[in-house]
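As structure tokens, the structure follows; a few thoughts come after it.
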């Protein structure tokens, strides 16, 4: 069975977030790094869980949670970017998470129309 695009993209994003987490910890940033690790990897976990939803409402619920986690992750990334607390370019992370948010929003809206 072919993996859906959102499953693959959210998994790949989680891998990049794990790398960012390691980089932040190496620079002795422990609070925001844990928040980003938790929310950034939760996106893919909820997307994966949605694939086994027992109903359309369950599917929508899991993807809605994934969307909220993506928005939280974007918040932490924007905070790091604008504060320059840890100096680096966060553009790619922000682009990737924004793409996930758009995809999740579209999937949820489509699923809600089809209930």
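In the working numbering, the protein residues as written are 291 to 405.
Note that CB positions come from ideal geometry on N, CA and C, so glycine has one too.
Computed from a predicted structure; not experimentally measured.
query                                                                         : result
Reference residue 306; option with closest CA among 391, 382 and 399          : 382
Coarse secondary structure for residue 320, derived from DSSP in three states : coil
Secondary structure of residue 348, DSSP reduced to three states              : helix
Per-residue DSSP class, three states only, for residue 304                    : helix
Cβ-based burial, residue 302 [other Cβ within 10 Å; buried from 16]           : exposed
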